[in-house]
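**Q** For reference, the structure I am asking about is given below.
Residue numbers (the numbering used here): 4 to 163.
What follows is the structure, given as structure tokens:
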């Protein structure tokens, strides 16, 4: 029962069990790529940065084509590179649930497909649940189930 947990325990639960890819990335500009990926290990005392996490962060960065940018500050990255850093951070602790808001929104077609391949490969290997919010209808065929929430919106006064 999550509502009965302390704020610290809820944060620990979320960090260990839910990977988040925010639409605006939520990266820390004063940190480099590696430290942004490792951030979940730094904001809760229940997870420590150990060699295993460092190795995983480097491997994830390699998978998304950022291995050569690990020491670069994120403020010097393109939007697509920032998006890939956010994806690596979400996958770092291998959560059983991934929540992604427009995870491919700033990517060119090649990187879009590559990131989707990484996400779906991760889901298949880890039996993870992936929930994606997107406006890109081109992504929909890759998903087992989709929900079109425009069907549920309230009609506005401007609607005929």
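The beta carbon of each residue, even a glycine, is placed where N, CA and C say it ideally should be.
So what does residue 24 bridge to, in DSSP terms?
**A** Residue mapping note: residue 24 aligns to position 21 of the chain shown, counting from 1. Answer is 103.
**Q** Residue 23 and residue 16: beta carbons closer than 8 Å?
**A** On the chain shown, position 20 is the one that residue 23 refers to. On the chain shown, position 13 is the one that residue 16 refers to. Contact flag unset, no.
**Q** Determine whether the Cβ of residue 30 lies closer than 8 Å to any Cβ atom of chain B.
**A** This model lacks chain B altogether, as it is built from one protein chain only.
**Q** Provide the residue span of the beta strand (DSSP E) that contains residue 135, from first to last.
**A** Residue mapping note: residue 135 aligns to position 132 of the chain shown, counting from 1. That run of the beta strand (DSSP E) goes 132-136.
**Q** Exposed or buried, residue 11, counting other C-beta atoms within 10 Å across all chains shown (16 or more means buried)?
**A** To locate residue 11, count along the chain shown from 1; it is residue 8. Classification of residue 11: exposed, given that the 10 Å Cβ count is below 16.
**Q** If you check the beta carbons only, do residue 91 and residue 64 fall under 8 Å apart?
**A** As a working mapping, residue 91 is identified with position 88 in the chain shown. As a working mapping, residue 64 is identified with position 61 in the chain shown. Going by C-beta atoms, residue 91 is nearer than 8 Å to residue 64.
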